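595 is the number of the first residue of the sequence shown in the numbering used here; add one for each residue after it.
Even glycine gets a Cβ: it sits at the ideal position worked out from N, Cα and C.
None of the values given here were measured: they were computed from a predicted structure.
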Amino acid sequence: MLQYIKKYIKGWLLGILLFFIFISFAFWGVGDIFRQNASYIAKVGKDKITRDEFLIEYQFRINAMENKDLSKNERTSVANQALNNLTNRYLFLNMANDMGIKISKNVLKKNIVNNEIFHKKDGEHKFDENRYRSIVLQSFGSEERYLKYLENEIITDLLSNHFFSQAHYPTNLSKKIYDYENEKKSFVIASIDKILEQKKIQKPNKQILENFFKKNEDSFFFNERRAFTYIYIDTEILSKSINIDNKEIEDIYNQRKEEFVNKEKRDVEQLVFDNKNDAEKAFDSLKKGEPFSEVGKKTTGNDMEVISFGLVEKNQLLEEFAENVFLLKNNQFTEPVKTDIGWHILKVTKIIKEEIKPIKLVEDQIKKEIINDRSYDELEIILEKFEDDLSKGNSLEDIAKKLNLKIGKRKLMEKKYFLNRNNPAIFSNKKFVKDIFEKEIDDNNFIIEIENEDINFSFGFFITRVDKIVKKTKKNFEEAFDDIFNKWSIIEANTKVKNKVKKFNEKIEKNNFVNVCDELKIDNRIVDLVNKNELFQQGFPEDFIKKLFKANKDEILELDTKQTYYLAKVTSVTKNIFDENDYDKIKKNIEQEVGVDNLEQLGYIMRKKFPIKINTKIFNSFISTIE
């Protein structure tokens, strides 16, 4: 969590750098699903987050990962993170606007000048204006766009870092935590697995279990159980029955061919000059046949770099020179062109002509879009008809039959059985379980809609009817048989464990710890010089660790837990050697943890003031296309 916050809240400089990596991906492929719908993907207060912003944020996160071979679930998780990050950013911007916070030009200038991305590569670490202008143009299209981006990032940083840093623990407390974490001891630790011991217990004769039941019959009972009827339908279920023939895909492909065009792309290089005079000198040199890579250095006397745009479409270039660039033939160059950030000469080094994507490359996308749209439309129709029939007093059975919906019926069930993996997915939904166990038999039955995050990223609704309620009741012997044997075997296993521990304590006075354990076939191992955290990471319970570190050398101690019986002996204790660096790390970690908590609380407050609204239909359309 802390690493994540430091990376995405404090790491805006890294963000700019990575932006160069993913910018070329933002314009192709992933954005196709949004072209039909220009609506926003989310609102924060009155601000709208556009689909393009979301796509760039999503692709940023994908490209920042070392492993690009992600599953659908992993990519879905990334999409949720991207949307969450954007909404959080807009929360801070809303807050800043409310507080009247503005960033001065001097602050912007200072951030630009100090940004190593814009420094010369000669090792002098000096700001290079030409490099700045070239990178800004290449990545953001204009200086104005970049300055707005930079302002928003600085505001977000200022506010988040302010609240993040308002976390200071007293020095004495930090010192105690340091001592606690760094004290080290060595042990011999033995453990008896109670569950394993229980599995070794054989079933006794029936009479033994019947006698046990008679003595403990109050312990065996059914919690409240309910029988119910339900109807559940969602877009995922509906999508499975939607068939799309090739003719329909072909028709849509022909109707929307302009959407499936790989537009003409050109590999473009540029030189950017401070003034018209230098640009014209360079242009004259180019006309004489001098290499494009040399004229910049020759004209200015500086180590001027040729900046490559890579393959771009016309709409990705500035209006001032886009048309001219796309009129050039291969290896031709433009005359000097003026923009807000200087004078440009651009050269085309490669041309890829416009072509329509073959239908085979887009048929899956078209099919998904059709199915997705139809399932949503069909769900709305079903929901409207369902509500109408329900208002007329029709039973769930009649409605299900009329609308050709699957109806489910369950006999008496306890709440704990709803999470059984063999049950339908809807049974794991909290709203569903709550609805069943909070209503009475005669209560009205209401339709409850399900948000996309509840089940499989689909829209849907359910309705339940409670048919029977049986309050807490005792079980008879047959009903309780499995529970009886389980409880009896636990007691038997515990008895065996206690007897083994008793023998251990009888023998330990005359023998060493390891020998006694080996004789009694108790698992044991030596643990050398570990602190509390290291022992915790090895899986030992917290109570046991506390006991261990309170114990003196050669002291033997025990701990009985539900699953394991522990025995241990302290073999050595080391004094704490104070390390300033380790202490500072612990202090910072404590403050960072509190800082995270501060940010989370602030986020809650901001969401109350600036409500977040997600356009779930657009978001789910995107999710549905993820492979």
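Might you give, ordered along the chain, the residues of its own chain that have their beta carbon closer than 6 Å to the beta carbon of residue i, omitting 5 neighbours on each side?
i: K1033; result: V1060
i: V730; result: E737, Y740
i: I1040; result: Reading off the sequence shown, one finds Phe at residue 1040, where the question assumed Ile. None.
i: L1151; result: K1141, A1145, A1162
i: S879; result: V889
i: G625; result: The pLDDT assigned to G625 is 37, lower than 50, so where the model puts this residue is not dependable, and the model offers no usable value.
i: D983; result: I993
i: Y1160; result: S785, F1138, L1153
i: K1068; result: F815
i: K1081; result: none
Considering only residues of the same chain and omitting the five flanking positions on each side of residue i, which have a CB-CB separation below 8 Å?
i: D1122; result: S780
i: T924; result: In the sequence under discussion, the amino acid at residue 924 is Asn, which differs from the Thr named in the question. Excluding residues within five positions, the ones whose Cβ falls inside 8 Å are V942, T943, K944, I945.
i: A676; result: F648, E651, Y652, F654, R655
i: K1066; result: F815, F816, N817, E818
i: M1200; result: L685, F686, N688, M689
i: D1148; result: K1163, V1164, T1165
i: I1102; result: V1110, I1150
Enumerate in chain order the residues of its own chain whose CB-to-CB distance from residue i is below 7 Å, with the five nearest sequence positions on each side excluded.
i: E1043; result: F1055
i: E874; result: P930
i: S618; result: In this predicted model, S618 has a pLDDT of only 31, less than 50, meaning its place in the structure is not dependable enough to derive any value.
i: F1071; result: E804, F807
i: V1108; result: V782, N1118
i: E844; result: I953
i: E745; result: I697, L702
i: G623; result: With a pLDDT of only 33 at G623, under the threshold of 50, the placement of this residue in the model should not be trusted, and no figure is reported.
i: F712; result: I706, F721, D722, R725, Y726, I729
i: S969; result: T829, L832, S833, I836
Out of curiosity, what's the CA-to-CA distance linking residue i and residue j?
i: N679; j: N909; result: 28 Å
i: K778; j: Q653; result: 46 Å
i: Q926; j: F915; result: 14 Å
i: K642; j: K1207; result: 9 Å
i: I1078; j: I789; result: 16 Å
i: S665; j: F814; result: 45 Å
i: S728; j: I946; result: 24 Å
i: E913; j: L999; result: 56 Å
i: A620; j: V906; result: Here A620 scores only 31 on pLDDT, less than 50, and its place in the model is too uncertain to base an answer on.
i: V1167; j: V707; result: 54 Å
i: N871; j: E651; result: 40 Å
i: T928; j: E852; result: 29 Å
i: K1104; j: K1096; result: 14 Å
i: K857; j: K742; result: 29 Å
i: H938; j: I901; result: 11 Å
i: P885; j: F877; result: 11 Å
i: E917; j: S671; result: 40 Å
i: I695; j: R683; result: 15 Å
i: S1083; j: M1007; result: 26 Å
i: F1204; j: V638; result: 6 Å
In the DSSP assignment, find the beta strand (DSSP E) that holds residue i and state where it starts and stops.
i: V862; result: 859-867
i: V638; result: 636-638
i: T1058; result: 1054-1064
i: N1118; result: 1117-1124
i: D641; result: 641-643
i: D1223; result: The structure shown does not extend to residue 1223, since the chain spans only 595 to 1221, so no value can be given for it.
i: A1019; result: It is not in any beta strand (DSSP E) - A1019 carries neither H nor E in the DSSP assignment.
i: K1163; result: 1158-1168
i: D1154; result: 1150-1154
i: I1206; result: 1206-1208
Would you kindly report the start and end of the unbroken alpha helix (DSSP H) that includes residue i?
i: Y684; result: 666-693
i: D1223; result: The question about residue 1223 has no answer here: the residues shown for the chain are numbered 595 through 1221.
i: L984; result: 953-985
i: I1001; result: Note, I1001: premise wrong, no alpha helix (DSSP H); beta strand (DSSP E) at 1001-1007.
i: V906; result: No alpha helix (DSSP H) holds V906; the beta strand (DSSP E) holding it covers 901-906.
i: L1142; result: 1136-1144
i: E1043; result: From DSSP, E1043 is part of no alpha helix (DSSP H) but of the beta strand (DSSP E) over 1042-1044.
i: K1258; result: This structure does not reach residue 1258, given that the chain is present from 595 up to 1221, and the question cannot be answered.
i: E842; result: 840-849
i: L990; result: 990-997
i: N705; result: 699-708
Should the region 1107-1117 be regarded as contacting the region 832-840, the criterion being three or more beta carbon pairs within less than 8 Å? no
Are at least three pairs of beta-carbons, each pair with one atom in the region 680-690 and one in the region 744-751, less than 8 Å apart? yes
Continuous alpha helix (DSSP H) assignments of at least 4 residues falling wholly in the region 1057-1106: Listed in chain order, they are 1071-1101.
The region 951-969 touching the region 1214-1221, judged by at least three CB pairs closer than 8 Å: Verdict: yes, contact present.
Beta strand (DSSP E) runs wholly inside the region 882-953, at least 3 long, in chain order: 901-906, 931-933, 936-946
Tell me whether the region 1057-1077 and the region 807-827 touch, counting them as touching only if at least three CB pairs, one residue from each stretch, are closer than 8 Å. yes
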